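Numbering (the working numbering), first residue to last: 694 to 786. Here a beta-carbon is modelled for each residue, glycine too, at the ideal position from N, C-alpha and C. Quick caveat: nothing in here was measured; it's all calculated off a predicted structure.
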């Protein structure tokens with residue numbers, strides 16, 4: 694019973710983090726990255742990366758299914774967008 698409670702608590706914590714700090718972190722992330730590449734939406738803020746990473750650890754640790762590619766693609770795109778912003782790179786670069 695303690696294990697079930699711990700898993701439920703970790704799941705709730707992951708859901709709260711996503712909802713509170715970075716709603717862009719919900720889902721697989723690939724549709725959001727594609728929308729950014731097509732110029733339909735702006736890139737997600739950098740807070741997405743730690744929220745997605747910690748939320749993924751909590752979700753997997755709780756026994757939930759989590760894809761490999763989607764979260765990795767979205768975190769990589771978030772890091773790339775942050776690096777481009779800090780380095781003042783344009784889209785052509």
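Distance from the Cα of residue 760 is smallest, within the candidate group 772, 745 and 771, for 745. Within the segment 712–754, no beta strand (DSSP E) run of at least 3 residues lies entirely inside it. Residue 771: member of the alpha helix (DSSP H) spanning 762–779, first to last residue.
When the Cα atoms are used, residue 733 and residue 767 turn out to be separated by approximately 16 angstroms. The beta carbon of residue 740 sits closer than 8 angstroms to the beta carbons of 714 and 715 from its chain, once the five residues preceding and following it are set aside; these are given in chain order.
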